[in-house]
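Numbering (my numbering), first residue to last: 764 to 1044.
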């Protein structure tokens, strides 16, 4: 089971776009571009170019085949389907064997506060390229949200829980902000691992290191361990960060050092094996 973040879902051209969920589905289906990290491999942008010619903003890149996903999602949502059912249908179409779940069927939105004011997450990340000092992260609607059907059950039944090396503030944070999620993870702490998204003091992808700095948080595996303290029993660090392991373990979190860079599916599979073996799986 994969539980995905919906805090950065946004509406573009009247369509409900779910970037994190789509990236999970496309990646598991083997149709995501290896280096770009979003959209579909080999997709074109004819429709987006036409929209630009009509005066619409095109800073959020939506490919032609990718648009079909958003059209279908929007139609199903308007027909009354919950997001969890929509996500299951899309995963089925792409023959994804894993059970992909949104964190919630309710509307939750992530906003990033900078010196320029309150920005929707996609505006901050894509349009402004993660620039500007972050002063606060707001996860609107989370307190009123409920975990999507199957989410808490999946966590409770899992032999192991792995938090991927995503941004703990805006990718994992919204999931943990949904009531019941932190408690469910805390109960499974001994069987829960997180992979540090930092390598050598920088994020492999995205503005995490700048966000941590702006919020006054330590930009190191120790800072990551503090964010997950009480929720994980193990933190996986990259080789270049092995010197941080004693400080991580001083927080009561076991540290495992390995190569965390997933340069290929083979590297990703090897990392998964290391994590599961460390958890006793």
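No residue lacks a Cβ here, since even glycine has one placed at the ideal position from N, Cα and C.
Anticipated Cβ contact below 8 angstroms, residue i with residue j, distance rounded
i            : j            : result
residue 846  : residue 769  : 7 angstroms
residue 1042 : residue 1018 : Rounded, the Cβ-Cβ distance is 13 angstroms, inconsistent with contact.
residue 802  : residue 829  : 5 angstroms
residue 836  : residue 781  : 7 angstroms
residue 995  : residue 1016 : 6 angstroms
residue 783  : residue 934  : 7 angstroms
residue 823  : residue 889  : 6 angstroms
residue 767  : residue 787  : 5 angstroms
residue 960  : residue 929  : 6 angstroms
residue 887  : residue 880  : The Cβ separation is near 10 angstroms, so there is no contact.
Reduced DSSP category for residue i - H, G, I as helix; E, B as strand; rest coil
i            : result
residue 769  : coil
residue 803  : coil
residue 871  : coil
residue 797  : coil
residue 781  : coil
residue 911  : coil
residue 890  : helix
residue 865  : strand
residue 824  : coil
residue 1043 : coil
residue 830  : helix
residue 817  : coil
Residue i and residue j closer than 7 angstroms at C-beta
i            : j            : result
residue 911  : residue 867  : yes
residue 941  : residue 903  : no
residue 872  : residue 977  : no
residue 939  : residue 945  : yes
residue 827  : residue 807  : yes
residue 1006 : residue 764  : no
residue 771  : residue 874  : no
residue 927  : residue 859  : no
residue 948  : residue 914  : no
residue 985  : residue 1020 : no
Residues that residue i bridges to, as DSSP identifies them
i            : result
residue 880  : 877
residue 1020 : 1000
residue 966  : 961
residue 1026 : In DSSP, residue 1026 forms no bridge with anything.
residue 897  : 877
residue 903  : 872
residue 775  : 778
Would you mind listing the beta strand (DSSP E) stretches within the segment 968-1015 that are 3+ residues and don't spill past its ends, in chain order?
Within the segment 968-1015, the beta strand (DSSP E) runs of at least 3 residues that lie entirely inside it are, in chain order, 997-1001.
Any chance you could list the beta strand (DSSP E) runs of at least 3 consecutive residues sitting entirely within the segment 920-957, in chain order?
Scanning the segment 920-957 for uninterrupted beta strand (DSSP E) segments of 3 residues or longer gives 924-926, listed from N- to C-terminal end.
Can you list, in chain order, the stretches of the alpha helix (DSSP H) that have 4 or more residues and sit fully within the segment 834-862?
Annotation: the segment 834-862 contains the following complete segments of the alpha helix (DSSP H) (minimum length 4 residues), in chain order: 846-856.
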